[in-house]
Amino acid sequence: MSDELSPTYSPAGLEVGIYRQWEKAGVFAPSGHGSRVMGRGALEGRNASHDSRPTTQDPFVTMMPPPNVTASLHMGHGLNNTLQDVLTRWARMRGRPALWLPGTDHAGIATQNVVERLVAKEGQTRFDLGRGPFLERMHAYVDVTKETILGQLRSIGSSADWSRTYYTFDEHYSEAVREVFVRLYEKGLIYRGKYIINWCPRCLTALSNEEAEKEERDGKIWHLRYPLADGSGSLVVATTRPETMLGDTGVAVHPEDERYQALIGKMLALPLTDRRIPIVGDEAVDPEFGSGAVKVTPAHDQTDFEIGKRHDLAQIDVMTPEARMAETVPLRFQGLDRFDARKKVVAEFEALGLLVKIDDHRHAVGHCYRCGTVVEPRLSDQWFVKMAPLAKPALKAYADKKVKFVPERWGDIYTQWLEGIRDWCISRQLWWGHRIPVWYCDACGSKHASRTDLVTCPKCRGLLRQDEDVLDTWFSSWLVPMASLGWPEETEDLKRFYPGTVLITAPEILFFWVARMIMAGLEFRGKVPFHTVYLHGTVRDTQHRKMSKSLGNGIDPLDVIEKYGADALRYTVISGMAVGTDLILDPKDLEISFAPGRNFANKLWNAARFLLSNLHGAPRPLAGAYREVIRREELTLADRWIIARCDAAVRESADALEKFRLNDAASAAYHFIWSDFADWYVEAIKPRLYGDVPGGSIARAVAYRVFDTALRLLHPVMPFITEAIWQKLPGRTEGELLARARWPEADQRASDDGALAEFALVQEVVTALRQIRAENGVEPGKQIDATVVAATPAMRSALTLEDATVRRLAKVAKLTVGPAPTGAAASAVLSDGSTVIVPLGGMVDLAKECAKLAAERDRLAGMVANQEKKLSNEQFVARAPAAVIEGERKKLAEWTEHVSKLNDRRRALGC
RNA sequence: GGGCGGUUAGCUCAGUUGGUUAGAGCACAUGCUUGACAUGCAUGAGGCCACUGGUUCGAGUCCAGUACCGCCCACCA
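Below is the structure:
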């Protein structure tokens, strides 16, 4: 291990190497008992004097939303995993046994679609291959892709415990799924029945309500005339799906609708067919809408299905699974695609003079969430879970604050959904998935749900046949918090890590996944699976569109990692992700989005290079107070200031992380490192480090201490670069890892308001001098003289203590604290009323200087006037809190003083 | 149709229970081979905080309404 950092920061190789070190050391397994990975023990690898704080035994547990086995990394994963990693690393560094449980999801339809497409390229279908060989093919395929996505998650630095990686389709997991199915079945919460479900004619399977995404579309509504069978008249119905009229078995009107009351019970001659259908009265009909008469197609519409049931209407399924017209329709329509059939139906109505009108109509149409095909409501035999009994405890858990949402508003949405919950269609007509553990006996007609495979009928010894269908993939995902820890077995992991701490995921899957996990946790384990649900925003492009493959507006995180590094990716994601907002990135300009992170890393790298070449001999900082190594009286103002600032940054960062405000935590670290430490402190101590003035060893000790703290502070957000640098700091022992070091704790003894205020004055003086130089065109290299007319003891003190710093940073040869010199000079009045004066002789444009001072004075005079008005307002004085009034009085005094100083200056210059 | 979120600098966004002269990064302008860094340093310009009204001593912040953008939910065919 070389002691040097390379002159240029290049994340590419560095990050891979660092990650290997962490893995090798077993950093990712929770410390204490129960780790499956035998690596270096948590305590063994730590420097005892350094990390002596006790480990709290309250574990931090979070479950990774499992990416699809066939997924390749996109920014959604990047965001989600970075957030989880930051919180996990933070918890780990605070001494909590931290478990981040990773996994992959077998993802039913999505995965089967992928492999079916591959097979299609070979000119085959899954039916050509047969169920067994097709599934073998699928397993082989996902064995490969699974590693791809897991590897990609590692590349962004995810410190998940890979030894515990779960897969929703592995053997053990299947046991959990069966256990749950059988338990619900035995409890009577799972039933099978013929209902209207959402059918995807492309995927050839049923979908749950959640999987059929409603999208508003501009469509048409056709008004069709149906003649009465006895020729005594006709009636007009309106429909958005004319092709379904071939399956009409009735027309419904509102029972109290005066227009139609007399017709109830009469028969209609259904056009294009030779069928006669009745007119029925039903409350579900809205007399205000359309013509007030509804065609009833019980096999193709949810409402119609219910109306049909009430009136005992026949159910005619007019479509094949592929959504072509079935044999139940007249020959000329058979085999037509549903949309072609629609055209033909409309054309025939028109030809018959029965097409009344076509209106534009905007309505919601369901689409398959996997392939986008318009779903067909279809009568079908499926398995369902009765949800109301499961929803009840889930509602109560939220009401009782057993689980909370961040941001809070999601709690209402969760509640609304659970209150209106409908039964969950869990069977899918796929091959890829957990096969439904139900066996049928054709001999005696019995059916059996079982935890183990059955062959013969327990009733009649007849041969059994297993249900052909598989379970919805979410029927396994909803068990993640339990099954990933070994449930239904009562494992050590389960005892120790259930319930988890926080779930971090996207709001898109609040219903699909989060709510169902809560229900499952309560039902099968009696406890909510996590106490907090942090729902983060969505990654969008600059037009606020969701990033997606089809829109081509995605950003490939691997691309970003290669170009800018994982740390840069993480920094950008974290700093742009405020609670409750979306993350907007520009896919057309990666530089704009990710350069800030890269630049910050580079800054840190260079600050480290500088320090490393100047820290020799610095004592390795000890845990606890600064005064263990340095006596307070030896510290300069700048030292005291940076120590106090560092402590403030730690506090801010901790507060922010506690509230999931990761962006604030990142920005606290950023500003501390870049502005306070690099721009001011390092510049201030250079003379001491170079040996030009005494105090070098103290400066080194403080710089080391503060820098070390900064690296710990930032580590959860930018783990690679901080780790790489930290290991190079003097005195590190081989194998010592920042990833396992302790996060800094706020230290009461470091706070020093006096130092904060006084050094701020130093900064003001320097800035004012630089401003004067810039405004008056003073050559950059030229040394000047300056005088400060100090208005406060604090200013006098600050300038005495940091005279050299001011002179160095503002290039001042001689800095005088005293009365104003006479003659032409540029000047500025500072916040405490002190005046900075730079005699520039002929260089200064007197008229300009006078104008500048006058403008500044007028601005302040305006503020003073406002302030006086405010303070003379009796209402204000009477009602505002004393502290506020006090503050306002102080401001008035300061500004008044300020104005008079400005006038003094003008007078002195003879303006 | 119902519900929710957003509207602050050219861009992306902070602004936590109302109380300094509304902040950051990027972009922009000017100047800088300053013994870590030009992926940098310094200085600067840039804002009727969407609009209208209200509450209040005081509103970017609270309330009502309007406009636009976005999201979620919904069995008016």
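Sequential numbering from -12 applies to the first sequence in the numbering used here.
We put the beta carbon where it would ideally sit given N, CA and C, even for glycine.
Keep in mind that this is a model prediction, so the values were computed, not measured.
Mark residue i as exposed unless 16 or more other C-beta atoms lie within 10 angstroms of its C-beta, in which case mark it buried.
i, result
"Asp663", "buried"
"Thr809", "exposed"
"Ala286", "buried"
"Cys428", "buried"
"Asn860", "exposed"
"Arg866", "exposed"
"Lys174", "exposed"
"Lys482", "exposed"
"Cys431", "exposed"
"Cys447", "exposed"
"Ala271", "exposed"
"Lys201", "exposed"
"Gly95", "buried"
"Leu339", "exposed"
"Pro229", "buried"
"Asp273", "exposed"
"Asn589", "buried"
"Glu549", "exposed"
Have a look at the DSSP bridge pairing and note the partners of residue i.
i, result
"Ile630", "Partner(s): none; Ile630 has no beta bridge."
"Ile660", "DSSP lists no partner for Ile660."
"Leu451", "Cys428"
"Trp87", "Thr49"
Quick one: give me the first and last residue of the beta strand (DSSP E) that residue i is part of.
i, result
"Pro265", "Arg263 to Gly268"
"Gly567", "It is not in any beta strand (DSSP E) - Gly567 carries neither H nor E in the DSSP assignment."
"Tyr485", "Per DSSP, Tyr485 belongs to no beta strand (DSSP E) and is neither H nor E."
"His435", "Lys434 to Ala436"
"Gly771", "According to the sequence displayed, residue 771 carries Ile and not Gly. Here the beta strand (DSSP E) through Ile771 covers Ile771 to Val776."
"Ser221", "Ser221 to Thr226"
"Pro826", "Thr822 to Pro826"
"Thr519", "Phe517 to Leu522"
"Ser18", "That residue, Ser18, is in no beta strand (DSSP E); it is neither H nor E in DSSP."
"Ser814", "Ala812 to Val816"
"Ala800", "Val799 to Val804"
"Gly722", "No beta strand (DSSP E) contains Gly722, which DSSP labels as neither H nor E."
With H, G and I counted as helix, E and B as strand and the rest as coil, what does DSSP make of residue i?
i, result
"Pro364", "strand"
"Gly0", "helix"
"Pro282", "The identity of residue 282 in the sequence shown is Lys, whereas the question assumes Pro. Of the three classes helix, strand and coil, the one that applies to Lys282 here is strand, per DSSP."
"Leu622", "coil"
"Tyr356", "coil"
"Trp418", "coil"
"Val457", "strand"
"Gly683", "helix"
"Phe647", "coil"
"Lys878", "helix"
"His348", "strand"
"Gln919", "The displayed coordinates of the chain run from -12 to 898. Any statement about residue 919 would go beyond what the structure contains."
"Leu858", "helix"
"Trp411", "strand"
"Gly849", "helix"
"Val106", "helix"
"Ala493", "coil"
Since residue i is in the alpha helix (DSSP H), which residue starts that stretch and which ends it?
i, result
"Pro674", "Glu670 to Tyr677"
"Arg204", "Run containing Arg204: none in the alpha helix (DSSP H); it sits in the beta strand (DSSP E), Ala199 to Pro214."
"Trp186", "First-last for Trp186: Ile177 to Cys187, but that is the beta strand (DSSP E), not the alpha helix (DSSP H)."
"Gly295", "Gln289 to His298"
"Trp713", "Pro706 to Trp713"
Checklist entry - For the 8 Å Cβ check, are there 3 or more pairs between the segment 483 to 496 and the segment 513 to 526? => result yes
Next on the checklist: With three or more C-beta pairs closer than 8 Å as the rule, is the segment 315 to 334 touching the segment 391 to 404?
Outcome noted: Contact fails: fewer than three Cβ-Cβ distances are below 8 Å.
Next on the checklist: Whether or not the segment 637 to 644 and the segment 617 to 627 are in contact is what I'm after, with contact meaning three or more pairs of Cβ atoms, one per stretch, closer than 8 Å; do they touch?
Outcome noted: No: fewer than three Cβ pairs fall under 8 Å.
Item to check | At least three beta-carbon pairs within less than 8 Å, the segment 189 to 204 to the segment 226 to 245 | outcome: no
Checklist entry - Any chance the segment 8 to 16 sits against the segment 551 to 571, with 3 or more Cβ pairs inside 8 Å? => result Flag = no, the segment 8 to 16 and the segment 551 to 571 do not touch.
Checklist entry - Hey, is the segment 153 to 160 in contact with the segment 453 to 465, meaning 3+ C-beta pairs nearer than 8 Å? => result yes
Checklist entry - So, do the segment 842 to 857 and the segment 884 to 892 have three or more beta carbon pairs nearer to each other than 8 Å? => result yes
Checklist entry - With contact counted as at least three CB pairs below 8 Å, one residue from each stretch, are the segment 362 to 378 and the segment 411 to 426 in contact? => result Result yes; three or more Cβ-Cβ pairs closer than 8 Å.
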